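Enquirer: In our numbering, the protein residues as written are 3 to 273.
(1) Comparing C-alpha positions only, which one of 147, 166, 96, 24 sits nearest to residue 155?
(2) Rounding to the nearest angstrom, what Cα-Cα distance links residue 89 and residue 171 in this structure?
(3) Just checking residue 95 against the ligand NAP - is the residue's beta carbon closer than 8 Å to any of the ligand's heavy atoms?
(4) Any chance the segment 93-102 sits against the segment 56-71, with 3 or more Cβ pairs inside 8 Å?
(5) Roughly how many angstroms separate the alpha carbons of residue 117 and residue 54, rounded to a whole number?
(6) Here's the rule I'm using: 16 or more other beta-carbon atoms within 10 Å means buried, otherwise exposed. How should residue 23 be labelled?
(7) Could you give the distance in angstroms between the alpha-carbon of residue 212 and the alpha-carbon of residue 107?
(8) Measuring CA to CA, which of 60, 177, 176, 208 is closest to residue 187?
(9) Below 7 Å CB to CB, which residues in the same chain sit around residue 238 once its five sequence neighbours on both sides are set aside?
(10) Tell me whether the beta-carbon of residue 183 lies closer than 9 Å to the beta-carbon of residue 111.
(11) Hey, would you say residue 215 sits closer than 9 Å to residue 251, going by beta carbons?
(12) Does residue 188 come out as helix, strand or coil in the three-state DSSP assignment?
(13) Which partner residues of residue 37 appear in the DSSP bridge assignment?
(14) Between which two residues does the alpha helix (DSSP H) holding residue 141 run?
(15) Is residue 262 helix, strand or coil by DSSP?
(16) From the DSSP secondary-structure annotation, give me the bridge partner or partners of residue 244.
(17) How far does the alpha helix (DSSP H) with residue 200 in it extend, from its first residue to its last?
(18) Following the continuous beta strand (DSSP E) through residue 149, name the residue where it begins and the one where it ends.
(19) Closest by CA to residue 192, which one among 206, 179, 181, 180?
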């Protein structure tokens, strides 16, 4: 079986360095050949490009803008009445993605509006999301970029997030029907949302375009105390023949450097 590929999520790791370009250098020094991030839009794009070129680190994934976080936004893809803002945000993401040669974009769904009930607005939000994903699919296809949708658990992390199960996400992807719009599997969220990880990994493997990992329930490094056996989960991905990247999107219990023992052991197996 081939070795799995990992990328450092520099929104969560190497935060000892204030600037994202500095985190790229730190990730490369720690042995990572790839990074991902949520939002890079407050960073100087030319500095990010310099760091990428100097380290030869691949930028694997970035998210579409969240909208107005202070007003309660966390993505706009499924939010009624915000379609134009979603398209403008996608344009900005494409600017960064093309400059950094990033081939995956997480198209964030967003939250249920505060004045609405989930059951009452779910169909409208799904229709908006499908419309926006179809629009994004056409734009991204021209650039050879894959769009991803990610379910986020509503039990712990975000009670109002619209996309809250892999089953819901798979149904939406079937409606969209575009091969360059795929599923992002964050194992942390999937365990909290639905459990049954082995079955769901096998069931949805054909449409999974990216994977992220963290321990449950604290979202710390994979080998910290928690509910998940990552040796088993990584072995499952190996057996499935997963060839994409696995994003290390976790909160280190101590420094980032001290949290990397598990991945250094993994890399040593294939060195």
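The beta carbon of each residue, even a glycine, is placed where N, CA and C say it ideally should be.
Just so you know, these numbers come straight off a predicted model, no measurement behind them.
Expert: In short, the structure shows the following:
(1) Stepping through the chain shown from its first residue, residue 155 is reached at position 153. Ranking the options by Cα distance to residue 155, first place goes to 166.
(2) In the chain shown, counting from the first residue as 1, residue 89 sits at position 87. In the chain shown, counting from the first residue as 1, residue 171 sits at position 169. Approximately 20 Å, taken between the alpha carbons.
(3) Absence of the ligand NAP from the depicted structure is noted, as is the absence of any ligand whatsoever, leaving it without description.
(4) Yes: the two stretches touch, three or more of their Cβ pairs being nearer than 8 Å.
(5) Within the chain shown, the letter at position 115 stands for residue 117. Within the chain shown, the letter at position 52 stands for residue 54. Computed Cα separation, rounded: 43 Å.
(6) Residue mapping note: residue 23 aligns to position 21 of the chain shown, counting from 1. Answer is buried; the Cβ neighbour count reaches 16.
(7) On the chain shown, residue 212 is found 210 positions in, with the first residue counted as 1. On the chain shown, residue 107 is found 105 positions in, with the first residue counted as 1. Each residue's Cα considered, the two are about 10 Å apart.
(8) Looking up residue 187 in the chain shown gives position 185. The option with the nearest alpha carbon to residue 187 is 208.
(9) Position 236 of the chain shown, counted from the start, is the residue given in the question as residue 238. 200, 203.
(10) Here residue 183 refers to the residue found at position 181 of the chain shown. Here residue 111 refers to the residue found at position 109 of the chain shown. Against a cut-off of 9 Å, the Cβ pair of residue 111 and residue 183 comes out as no contact.
(11) On the chain shown, position 213 is the one that residue 215 refers to. On the chain shown, position 249 is the one that residue 251 refers to. Yes, the Cβ-Cβ distance between residue 215 and residue 251 is below 9 Å.
(12) The sequence position of residue 188 within the chain shown is 186, counting from 1. Residue state for residue 188 is assigned as strand, using DSSP reduced to three classes.
(13) Against the chain shown, residue 37 aligns to sequence position 35. 10, 61, per the DSSP bridge assignment.
(14) Position 139 of the chain shown, counted from the first residue, corresponds to residue 141. Segment 120-143, the alpha helix (DSSP H) holding residue 141.
(15) Position 260 of the chain shown holds residue 262. In the structure shown, residue 262 sits in a helix (DSSP, three-state: H, G or I).
(16) Start at 1 with the first residue of the chain shown, and residue 244 comes out as number 242. Beta-bridge pairing links residue 244 to no other residue.
(17) Locating residue 200 in the chain shown gives position 198, where the first residue counts as 1. Element bounds for residue 200: 199-206.
(18) Here residue 149 refers to the residue found at position 147 of the chain shown. 148-151 is the extent of the beta strand (DSSP E) around residue 149.
(19) Looking up residue 192 in the chain shown gives position 190. Put simply, of 206, 179, 181, 180 the residue whose alpha carbon is nearest the alpha carbon of residue 192 is 206.
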